[in-house]
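Q: Pasting a structure here, questions to come.
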Amino acid sequence: MVLNHVWGLLSNPESEWKTIRKENCTIGRCYCSHVLLLAAIPPLAGYIGTTQVGWQIARREIHKLTPDSALLIALLSYLTILVAIFSIGKLIQWMGQTYGAKQSLPQCIALAAYTATPLLLTGIMLVYPVLWLNLLIGLPALAYSVYLLYTGVPIVMGIKKERGFLFSSAVLAVGLVALVAVLTATVILWDIGVGPVFTN
């Protein structure tokens, strides 16, 4: 069933992680049933928000992006999310050897994908691109994603909670480095002219 783990991860994560671990997951199935759909929420919402609603800074005029510019940014964002989930899954598998965890790549990608669920769901708030509102919703979602990571790693990877805590911390550090790399790449692209184009 498409998106069949979303409610379980939000209501009873430990039980849901055990269910996820028992599944015979493939990369294609994980992407088709979960990642491709949820990863589209932030880019689509961002496209609508930046072209139709717009945003203000200090109650000045409303800023909007041109449809072409917003579409390019949305497509690049979507691809970035898809690649990031795969890459973090691959890194989880690689780092797992250090912590005595030997899981298949599909299971590690599932761990990365399901951990990102709250962040991807709250991407709908980009329809209304107001910084304080997005932070108000986004920060608790980020905190819950971190909680999912710390509860999911020991269960999915089949290791003790103590090792799972260290492993989760390492994964979190890698995720932060990946985020900084994406932000840096964004700044570089904007600097060379591949940036947003405003309507006014």
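Quick note on our numbering: the sequence shown kicks off at 2 and runs consecutively.
We put the CB at the ideal spot given by N, CA and C, even for glycine.
These figures come from a predicted structure and were not determined experimentally.
1) Since Y48 is in the alpha helix (DSSP H), which residue starts that stretch and which ends it?
2) Alpha carbon to alpha carbon, how far is L134 from T185? Give it in angstroms, no decimals.
3) Which partner residues of H64 appear in the DSSP bridge assignment?
4) Give me the Cα-Cα distance between Y148 and T67, rounded to the nearest whole angstrom.
5) Under the rule that 16 or more other beta-carbon atoms within 10 Å means buried, what is L39, buried or exposed?
6) Along the chain, which unbroken stretches of the alpha helix (DSSP H) at least 4 residues long are found entirely within the region 123-166?
7) When we look at the beta-carbon of L4 and count the other beta-carbons within 10 Å, is it buried (16 or more) or exposed?
8) Alpha carbon to alpha carbon, what distance is there between G194 and M158?
9) In or out: L180 buried (at least 16 other Cβ within 10 Å) or exposed?
10) Thinking just about the alpha-carbon of each residue, which of C109, F87, L127, I74 is nearest to the one in G97?
11) Suppose contacts are defined by Cβ-Cβ distances below 7 Å. Is G124 in contact with P43 by that definition?
12) Under the assumption that I49 contacts V128 (Cβ atoms under 8 Å), give the Cβ distance between them as a whole number of angstroms.
13) Do the region 53-67 and the region 75-84 touch if we need at least three Cβ pairs shorter than 8 Å?
14) For L37, which of I86, Q94, L73 has the nearest alpha-carbon?
A: A quick look at the data gives this:
1) Y48 -> alpha helix (DSSP H) spans 42-49.
2) 24 Å
3) W56
4) Each residue's Cα considered, the two are about 38 Å apart.
5) buried
6) 132-158
7) exposed
8) 43 Å
9) exposed
10) C109
11) yes
12) 5 Å
13) no
14) I86
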